[in-house]
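Peer 1: Here you go, one structure.
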Amino acid sequence: MEGNTNLYVEYLDVYERRSFFFASILNGDCRTNLTVETGRVAKQAGGSVMARYGDTVVLSTATASKEPRPGIDFFPLTVDYEERLYAVGKIPGGFIKREGRPTEKAILSSRLIDRPIRPLFPKGFRNDVQVVSTVLSVDQDCPPDIVGMIGASCALCLSDVPFEGPIGGVVVGRVDGKLIINPRMEEAEKSDMHLVVAGTKDAVMMVEAGANEIPEEDMIEAIMFGHQEIQRIVQFQEEMMKTAGKPKREVILHKVNPEIDQAVRRFVGEKMLEAIQNPDKLSRQADMDKVKAETVEAILPQFPDGQGAILEVLDTMVKEIVRKLITVDKQRPDGRKVDEIRPITVEVGILPRTHGSALFTRGQTQVLNVCTLGTISDLQILDGLGVEESKRYMHHYNFPSYSVGETRPMRGPGRREIGHGALAERALLPVIPSEDAVPVTTNPS
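Start counting the sequence shown at 1; every next residue gets the next number (UniProt numbering).
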């Protein structure tokens, strides 16, 4: 690969137990040093690093609870990306000057970091793990979310938390047909692509992109181009682990009692497959619930404390059956082929006093879209770390509990809703008329 071949240099301060590591990472048409320091700040965290890329500085920490959380059937990982306005020399606007809840951009960055690291923890790991990346200084030419992602991976690798990383991440842009890694601000403004790629040394783990009608083959080329630089970042972290990494702790991994697993599978037989292949969604769910209830009733007397394990085996069986139907039999649970889609019905103008409304229906999935237009004075003011101060297209996505027949408190949008709204917004932005052509603020919801 082109560029500086001095991938790794290390300096150890014996007295303060501080280690410094350096890697030369692409930054537009040149290379900028990525400096990772450990042992100076957050010494009581499981792992902590101060990552500096240009003048962007991010503190990343990784900590896990000492014992597994009892009574859960999921991995309790929390990833927080904390923006601090002092990083760009700002004081929060408005009456309240103390920074509070994370911005939407911070939530999106948290999700960006979460996705590539979550699959790399051991299966059955039930300890609470919290990864926090706090932005301390921002250089607009060096993306802080990417530094936070690399820092999170470094913190996990250096900690005693079991983690099958490291990972790396880059932004790929394209200016005048030329692909660029981590484009600088001026290059990013000219780029017709904004692609975030994260991965391990051997595989791409996560892709998120916004582009202006890019052909599929060009996008694949950009992903592989980004992965080449990711491999360098991963190699850098592997060398760092040899010098400063802690021994990984012995952990208790959750495993289902093999006797319960065998008993459940023996009792269920083909019943779950028959229930899953019901073409109607509601009756399919009812059939699956019936199979689960019958199984619990039959197996629980043999294993009085095993209800959670029984249900876990049943959920595993559902996943295995659906996966086999799709990957081997090339068939969806409702009998459709994998490339067969259902007809969609669209009704427009269904709400009399709104600026625009439409109801999309496909099967039992429905989306009610409402669009509101406003003047330029209605645009959203952004009080964040980026150079963008406002936006006039805001796409809001809501997923109420009743849409899937469930109940939960209505407490505002969650991370998932914010993330899905941002994806829709990014997809539609290239076809939104410019402010000069149509000077309005648009808010679909």
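Even for Gly, the Cβ is constructed at its ideal location relative to N, Cα and C. Small disclaimer: the values here were computed from a predicted structure and weren't measured.
1. By a C-beta neighbour count over all protein chains shown, 10 Å radius and 16 as the cutoff for buried, is residue 473 buried or exposed?
2. For Asp139, write down the residues that DSSP places opposite it in a beta bridge.
3. Do Ser109 and Gly151 have their C-beta atoms closer together than 9 Å?
4. DSSP three-state label for Gln302, please.
5. In the DSSP assignment, find the alpha helix (DSSP H) that holds Val196 and state where it starts and stops.
6. By alpha-carbon positions, which one of Cys157, Arg115, Asp287 ends up nearest to Glu239?
7. What is the rounded straight-line gap between the Cα of Arg98 and the Cα of Thr134?
8. In chain order, which alpha helix (DSSP H) runs of at least 4 residues are fully inside the stretch 230-292?
9. So Met288 packs on Ala275, CB below 8 Å; how close in whole Å?
10. Could you give the first and the last residue of the continuous alpha helix (DSSP H) run that contains Val322?
11. I'd like to know whether the C-beta atoms of Pro413 and Tyr397 end up nearer to each other than 9 Å.
12. Return the chain-ordered list of same chain residues with a C-beta closer than 8 Å to the C-beta of Ser191, the five sequence neighbours on each side being excluded.
13. I'd like to confirm the pairing. Which residues does DSSP put opposite Asp80 in its beta bridges?
14. Could you tell me if Arg232 is buried or exposed, where buried requires 16 or more neighbouring beta carbons within 10 angstroms of its beta carbon?
15. Count the other CB atoms within 10 Å of the CB of Glu83; is the residue buried (16 or more) or exposed (fewer)?
16. Could you tell me which of Pro119, Lys248, Tyr81 sits nearest to Arg101, measuring between CA atoms?
17. In chain order, what residues of the same chain lie with their CB nearer than 6 Å to the CB of Val431, ignoring the 5 residues before and after it?
18. May I ask you to report which of helix, strand or coil DSSP gives Glu186?
19. Can you tell me whether Glu229 is buried or exposed? The criterion is at least 16 other CB atoms within 10 Å of its CB, across all chains shown.
20. Looking at C-alpha atoms only, which residue of Thr103, Val138, Gly124, Val161 is the closest neighbour of Gln130?
21. Mind checking which residues open and close the alpha helix (DSSP H) that includes Ala424?
22. What number of angstroms, rounded off, separates the C-alpha of Glu216 from the C-alpha of Ile341?
23. Count the C-beta pairs between the stretch 264-284 and the stretch 309-328 that are closer than 8 Å, then say yes if the count reaches three, no if not.
24. Suppose you measure from the CA of Val440 to the CA of Phe399; what does that come to, to the nearest Å?
25. Check each candidate in Pro119, Ser159, Cys142, Ile91 and name the one with the smallest Cα separation from Gln44.
26. Thr442 by DSSP, collapsed to three states: which one?
27. Any chance the stretch 136-148 sits against the stretch 90-97, with 3 or more Cβ pairs inside 8 Å?
28. May I ask you to report which of helix, strand or coil DSSP gives Ile25?
Peer 2: By the coordinates alone:
1. No answer is possible for residue 473: the residues shown for the chain start at 1 and end at 445.
2. Residue 139 sits at position 139 when you count from the first residue of the sequence shown. Answer is Cys142.
3. For the purposes of this step, residue 109 is taken as residue 109 along the sequence shown, with counting starting at 1. For the purposes of this step, residue 151 is taken as residue 151 along the sequence shown, with counting starting at 1. Judged by beta-carbon spacing, Gly151 lies beyond the 9 Å limit of Ser109, meaning their Cβ atoms are not closer than that value.
4. To locate residue 302, count along the sequence shown from 1; it is residue 302. In this structure, Gln302 counts as coil in the three-state DSSP scheme.
5. If you number the sequence shown from 1, residue 196 lands on position 196. From DSSP, Val196 is part of no alpha helix (DSSP H) but of the beta strand (DSSP E) over 193-199.
6. To locate residue 239, count along the sequence shown from 1; it is residue 239. Checking every option, the nearest Cα to that of Glu239 belongs to Cys157.
7. For the purposes of this step, residue 98 is identified with residue 98 of the sequence shown, where counting begins at 1. For the purposes of this step, residue 134 is identified with residue 134 of the sequence shown, where counting begins at 1. One C-alpha to the other measures close to 16 Å.
8. Entirely contained in the stretch 230-292, the alpha helix (DSSP H) runs reaching 4 residues are, in chain order, 258-268, 271-276.
9. Counting from 1 along the sequence shown, the entry for residue 288 is found at position 288. Counting from 1 along the sequence shown, the entry for residue 275 is found at position 275. Rounded, the Cβ-Cβ distance is 5 Å, consistent with contact.
10. The sequence position of residue 322 within the sequence shown is 322, counting from 1. Segment 307-327, the alpha helix (DSSP H) holding Val322.
11. Here residue 413 refers to the residue found at position 413 of the sequence shown. Here residue 397 refers to the residue found at position 397 of the sequence shown. Less than 9 Å separates the beta-carbon of Pro413 from that of Tyr397.
12. Position 191 of the sequence shown, counted from the first residue, corresponds to residue 191. Gly173, Arg174, Val175, Ile180, Pro183, listed in sequence order.
13. Working through the sequence shown from its first residue, we reach residue 80 at position 80. The partner list for Asp80 (beta bridge, DSSP) reads Val132.
14. Indexing the sequence shown from 1 puts residue 232 at position 232. Looking at its Cβ environment, which holds 16 or more other Cβ atoms inside 10 Å, Arg232 is buried.
15. Counting from 1 along the sequence shown, the entry for residue 83 is found at position 83. Per the 10 Å Cβ criterion, buried.
16. Within the sequence shown, numbered from 1, the residue matching residue 101 stands at position 101. Among Pro119, Lys248, Tyr81, the Cα nearest to that of Arg101 belongs to Tyr81.
17. Residue numbering aside, residue 431 sits at position 431 when the sequence shown is read from its first letter. In the same chain as Val431, and ignoring 5 residues on each side of it, no C-beta atom comes closer than 6 Å to its own.
18. Within the sequence shown, residue 186 is the residue found at index 186, counting from 1. Helix.
19. The count along the sequence shown starts at 1 and reaches residue 229 at position 229. Its Cβ being crowded by 16 or more others within 10 Å, Glu229 is buried.
20. Here residue 130 corresponds to residue number 130 of the sequence shown, with the count starting at 1. Residue Val161 is the option with its Cα nearest to Gln130.
21. As a working mapping, residue 424 is identified with position 424 in the sequence shown. First-last of the alpha helix (DSSP H) with Ala424: 415-428.
22. To locate residue 216, count along the sequence shown from 1; it is residue 216. To locate residue 341, count along the sequence shown from 1; it is residue 341. Approximately 21 Å, taken between the alpha carbons.
23. Yes, since at least three Cβ pairs between the stretch 264-284 and the stretch 309-328 fall closer than 8 Å, the two stretches touch.
24. Here the question's residue 440 lines up with position 440 in the sequence shown. Here the question's residue 399 lines up with position 399 in the sequence shown. If you draw a straight line from the Cα of Val440 to the Cα of Phe399, it comes to about 27 Å.
25. Within the sequence shown, residue 44 is the residue found at index 44, counting from 1. Among Pro119, Ser159, Cys142, Ile91, the Cα nearest to that of Gln44 is on Ser159.
26. The residue you call residue 442 lines up with position 442 of the sequence shown. Three-state result, Thr442: strand.
27. The stretch 136-148 makes no contact with the stretch 90-97; the number of CB pairs closer than 8 Å stays below 3.
28. Along the sequence shown, read from residue 1 onward, the residue named residue 25 stands at position 25. Residue state, collapsed to three classes: strand.
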